[in-house]
Amino acid sequence: DGGITQSPKYLFRKEGQNVTLSCEQNLNHDAMYWYRQDPGQGLRLIYYSQIVNDFQKGDIAEGYSVSREKKESFPLTVTSAQKNPTAFYLCASGVSDTQYFGPGTRLTVL
Amino acid sequence: GESVGLHLPTLSVQEGDNSIINCAYSNSASDYFIWYKQESGKGPQFIIDIRSNMDKRQGQRVTVLLNKTVKHLSLQIAATQPGDSAVYFCAENIPIQGAQKLVFGQGTRLTINP
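Heads up: the protein sequence lines correspond to chains A and B, in order. Following my numbering, the numbering of the first sequence begins with 56 at its first residue and continues without gaps. Following my numbering, the numbering of the second sequence begins with 70 at its first residue and continues without gaps.
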């Protein structure tokens with residue numbers, strides 16, 4: 056997990072509520088990423104950011120939003136527009152070609 | 070479209086034996102590949118990487134082989150230990166607007182039997 060922290064580890068949400076997942080890194084990496092993982096599957100890219108105050112949509116951005124106000128932080132908001140939000144969410148940061156992952160947040164919608 | 074796939078979803082080996090996990094990729098322009106290990110409930114852990122100008126790369130007890138002709142790579146783990154039990158993913162690294170996009174395969178679950 057290195058210098059990447061995600062909180063909380065487990066998160067429960069009622070339908071219709073927005074929820075924000077935290078991701079912090081102290082590796083001085085410029086690029087940060089959010090992925091979603093469903094059971095028995097690989098990771099899919101939600102959003103990524105190369106530098107502060109800039110971010111781009113990934114493959115499955117609908118129903119999600121992000122911000123990048125600080126280099127160290129890249130929070131992800133799962134909005135009520137996300138139809139199937141229950142999943143394991145992974146944040147990563149990277150320099151050059153390699154990405155390093157945080158421990159993940161498991162989100163469950165009740 | 071781009072995709073990365075794995076040949077086998079599960080693999081069981083005896084402790085001490087060698088294991089080989091295979092991966093196929095479809096984007097012939099990809100030039101960088103990474104193997105990750107993911108234990109239950111944790112984030113993926115970087116194991117080893119390889120660039121397309123190489124055929125083989127070795128780490129500690131692990132070797133990655135790349136065959137660009139058939140777009141196939143494999144991860145070999147020598148003298149497996151119980152701690153090697155995990156899901157292993159290959160990922161294809163694709164540059165996107167100055168950043169890097171990882172395209173993951175489904176993963177192979179490796180179980181080490183005592």
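Backbone N, C-alpha and C define an ideal beta-carbon position, used for all residues, glycine too.
Hey, how far is the Cα of residue i from the Cα of residue j?
i: B/A155; j: B/E108; result: 5 Å
i: A/T163; j: A/F110; result: 26 Å
i: B/S95; j: B/V139; result: 9 Å
i: A/R68; j: A/S122; result: 21 Å
i: B/D100; j: A/L165; result: 42 Å
i: B/L134; j: B/M123; result: 8 Å
i: B/I116; j: B/F173; result: 14 Å
i: A/G58; j: A/Q154; result: 12 Å
i: A/Y65; j: A/R161; result: 5 Å
i: A/P124; j: B/Y105; result: The question names Pro, but residue 124 of chain A in the sequence shown is Glu. If you take the alpha carbons of A/E124 and B/Y105, they lie about 29 Å apart.
i: B/L80; j: B/G110; result: 19 Å
i: A/S135; j: B/I163; result: 31 Å
i: B/V82; j: B/L171; result: 28 Å
i: B/G85; j: B/A148; result: 4 Å
i: B/K137; j: B/E161; result: 13 Å
i: A/L100; j: B/Q127; result: 29 Å
Within 8 Å (strictly less), CB to CB, does residue i reach chain A?
i: B/G128; result: no
i: B/K106; result: no
i: B/I163; result: no
i: B/Y101; result: yes
i: B/P183; result: no
i: B/G112; result: yes
i: B/K140; result: no
i: B/G174; result: yes
i: B/Q166; result: yes
i: B/Q169; result: yes
i: B/D124; result: no
i: B/D118; result: yes
i: B/L135; result: no
How close, in whole Å, do the beta carbons of residue i and residue j come, if the pair is a contact with beta carbons under 8 Å?
i: A/Q72; j: A/G157; result: About 23 Å separates the two Cβ atoms, so there is no contact after all.
i: A/V150; j: A/K126; result: Between A/K126 and A/V150 the Cβ distance is about 12 Å, and since that is not below 8 Å, they are no contact.
Between which two residues does the beta strand (DSSP E) carrying residue i extend?
i: A/L82; result: Looking at the DSSP string, A/L82 is not in any beta strand (DSSP E), and its letter there is neither H nor E.
i: B/A155; result: 155-165
i: A/S120; result: 119-121
i: A/I115; result: First-last for A/I115: undefined, no H or E at that position.
i: A/S135; result: It is not in any beta strand (DSSP E) - A/S135 carries neither H nor E in the DSSP assignment.
i: A/R68; result: 65-68
i: B/V139; result: Here B/V139 belongs to no beta strand (DSSP E), and DSSP marks it neither H nor E.
i: B/S109; result: Neither: B/S109 is in no beta strand (DSSP E) and is coded neither H nor E.
i: A/G149; result: 142-150
i: B/D86; result: First-last for B/D86: undefined, no H or E at that position.
i: A/K125; result: Where A/K125 is concerned, there is no enclosing beta strand (DSSP E), given that its DSSP letter is neither H nor E.
i: A/I106; result: A/I106 -> no beta strand (DSSP E), and no H or E assigned at all.
Return yes when the Cβ of residue j is within less than 8 Å of the Cβ of residue i, no when it is not.
i: B/I90; j: B/Y157; result: yes
i: B/L144; j: B/V131; result: yes
i: A/T75; j: A/L145; result: no
i: B/Q59; j: A/Q96; result: A question about residue 59 of chain B goes unanswered here, because the residues of chain B that appear run from 70 up to 183.
i: A/Y102; j: A/A147; result: no
i: A/G159; j: B/G112; result: yes
i: A/D85; j: B/Q169; result: no
i: A/G118; j: A/Q137; result: yes
i: B/N182; j: B/I146; result: no
i: A/C78; j: A/F129; result: yes
Is there a C-beta anywhere in chain B that falls below 8 Å from the one on residue i?
i: A/G157; result: yes
i: A/T60; result: no
i: A/L100; result: yes
i: A/L131; result: no
i: A/Q80; result: no
i: A/T75; result: no
Anything in chain E within Cβ reach of residue i, meaning under 7 Å, just list it in chain order.
i: A/D152; result: Absent from the structure is chain E; the protein chains it does hold are A and B.
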